[in-house]
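Here the structure comes first, spelled out in structure tokens, and everything after it is commentary.
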Amino acid sequence: MASAAEVIVGGSAPKTVPLNCISLSEPDITKSVSLLKQACQDSGFFYVIDHGIDQDLMEEVFRQSQKFFDLPLHEKMKLLQNKKHRGYTPFLAQTSDPGNQTSGDYKEGYYIGIEVPEDDLNAEKPFYGSNLWPTTDILPGWKEIMEQYHKEALRVAKAVARIIALALNLDVGFFDKPEMLGEPIASLRLLHYGGKLSYPEKGIFGAGAHSDYGLITLLATDDVMGLQICKDKDARPQVWEYVAPVSGGFIVNLGDLLERWSNGIFRSTMHRVLLDGRERYSIAYFADPSHDCLIECLPTCKSEADPPKFPPVTCAAYMLQKLQDAYADASIYSKHQP
Numbered sequence: 001m002a003s004a005a006e007v008i009v010g011g012s013a014p015k016t017v018p019l020n021c022i023s024l025s026e027p028d029i030t031k032s033v034s035l036l037k038q039a040c041q042d043s044g045f046f047y048v049i050d051h052g053i054d055q056d057l058m059e060e061v062f063r064q065s066q067k068f069f070d071l072p073l074h075e076k077m078k079l080l081q082n083k084k085h086r087g088y089t090p091f092l093a094q095t096s097d098p099g100n101q102t103s104g105d106y107k108e109g110y111y112i113g114i115e116v117p118e119d120d121l122n123a124e125k126p127f128y129g130s131n132l133w134p135t136t137d138i139l140p141g142w143k144e145i146m147e148q149y150h151k152e153a154l155r156v157a158k159a160v161a162r163i164i165a166l167a168l169n170l171d172v173g174f175f176d177k178p179e180m181l182g183e184p185i186a187s188l189r190l191l192h193y194g195g196k197l198s199y200p201e202k203g204i205f206g207a208g209a210h211s212d213y214g215l216i217t218l219l220a221t222d223d224v225m226g227l228q229i230c231k232d233k234d235a236r237p238q239v240w241e242y243v244a245p246v247s248g249g250f251i252v253n254l255g256d257l258l259e260r261w262s263n264g265i266f267r268s269t270m271h272r273v274l275l276d277g278r279e280r281y282s283i284a285y286f287a288d289p290s291h292d293c294l295i296e297c298l299p300t301c302k303s304e305a306d307p308p309k310f311p312p313v314t315c316a317a318y319m320l321q322k323l324q325d326a327y328a329d330a331s332i333y334s335k336h337q338p
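Just so we're aligned, residue 1 is where the sequence shown starts under UniProt numbering, counting upward by one.
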């Protein structure tokens, strides 16, 4: 059972939180903006469907992800995440909620960013560079499939960001600027959760409670329940609600930078993963602004009565600090860091 400091809604048959569903093929943009605005103010989570990514491609990405995670550990460790945040992260390497976890997250992952050649001037920036790829003799066609999905997911993220801009009373192309999603830090992360049981009262989680760092996250999952959200992190007891998977669609959530941009009007909500003994696969796509993008309160989100709540910060500085916090105690990771 959960500790006295939290309540999990549901049990053996978990009750799921109702979320607004936004269709990217909806001709009435006013309807989409209204649904999104309501969701962003309530929980920062919503569904996106009719996004235009071929279902066969999405299923193939899941198949290829499983093929990678099925490789022997020594093969995966050859692709250990480098200083550019690309590559493999082992089980327990990340601790999403250091204050409440007794061990790292019981998940392994693989990061793929936008490919930036080493001789490109931008390659000096922390989140730009070359990706790590399994060799073609081990996983033929793997690189091409992931690059295709990466490109498609960025297109969807930009489409969602345009609706967000309208919901914040900004120009529709506000987030399309080069310093924002025109030259983004965009990362595809393949995730595999092992077939273990989570014990919140013992500090054991598939992924500990955290909020995402950047602008928005697109999450595709298999049909195994596990994702939970807590709308009010300061409530006692905390109330955790399950988010149901959506076949062929995305679970979308807002990140910290959008909460800062909107002066807290739009919410970056705490979430975590509880495991029930079954393996679980998901594919996360983090769409974040460029390195040097200054995140400061938007003109449409402040007034004399509601001044800016957060100091300005660049995207790269904020994200680097959050990553350092998450991996600070991961000796299994730092020991092997290239």
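All residues carry an ideal CB built from backbone N, CA and C; glycine is no exception. Only a predicted model underlies this, so the values are computations on that prediction, with no experimental measurement involved.
Min CB distance residue 304 to chain C below 8 angstroms: Protein chain content of the structure displayed is limited to a single chain, and chain C is not contained in it.
Minimum C-alpha distance to residue 222 - residue among 275, 280, 216: 280
Residue interval of the beta strand (DSSP E) (run including residue 288): 280 to 288
Contacting residues, own chain, Cβ-Cβ under 6 angstroms from residue 175 (five flanking each side not counted): 161, 165, 181
CB-CB length for residue 136 against residue 108, believed under 8 angstroms: Rounded, the Cβ-Cβ distance is 22 angstroms, inconsistent with contact.
Endpoints, beta strand (DSSP E) assigned at residue 270: 270 to 273
Same chain, Cβ closer than 6 angstroms to residue 19, five either side skipped, listed in chain order: 45, 46, 47
Length of the line joining the Cα atoms of residue 266 and residue 138: 44 angstroms
Through-space distance from residue 79 to residue 332, alpha-carbon basis: Note that residue 332 has pLDDT 37, beneath the 50 cutoff, so the model's placement of it is unreliable and the number below is only indicative. Cα to Cα, residue 332 sits roughly 15 angstroms from residue 79.
CA nearest to the CA of residue 61, picked from 194, 150, 187, 72: 150
Extent of the continuous beta strand (DSSP E) run through residue 221: 216 to 221
Validate contact between the stretch 106 to 122 and the stretch 247 to 262 using beta carbons, cut 8 angstroms, 3 pairs: no
CB contact flag (residue 163, residue 36, <8 angstroms): yes
Complete beta strand (DSSP E) runs within the stretch 27 to 85 (minimum length 3 residues, chain order): 45 to 49
Pick from 207, 271, 24 that is closest to residue 233, judged by C-alpha positions: 271
The stretch 70 to 77 touching the stretch 283 to 297, judged by at least three CB pairs closer than 8 angstroms: no
Range of the contiguous alpha helix (DSSP H) that encloses residue 260: 256 to 261
Buried/exposed call for residue 171, threshold 16 Cβ in 10 Å: exposed
The stretch 19 to 34 touching the stretch 209 to 227, judged by at least three CB pairs closer than 8 angstroms: no
Beta-carbon proximity check, residue 273 vs residue 320, cutoff 8 angstroms: no
Own chain, CB closer than 7 angstroms to residue 86, minus 5 neighbours either side, in chain order: 111, 112, 113, 129, 131, 132
Endpoints, the alpha helix (DSSP H) within which residue 166 is located: 142 to 167
Among 52, 293, 106, the one whose alpha carbon lies nearest that of residue 248: 52
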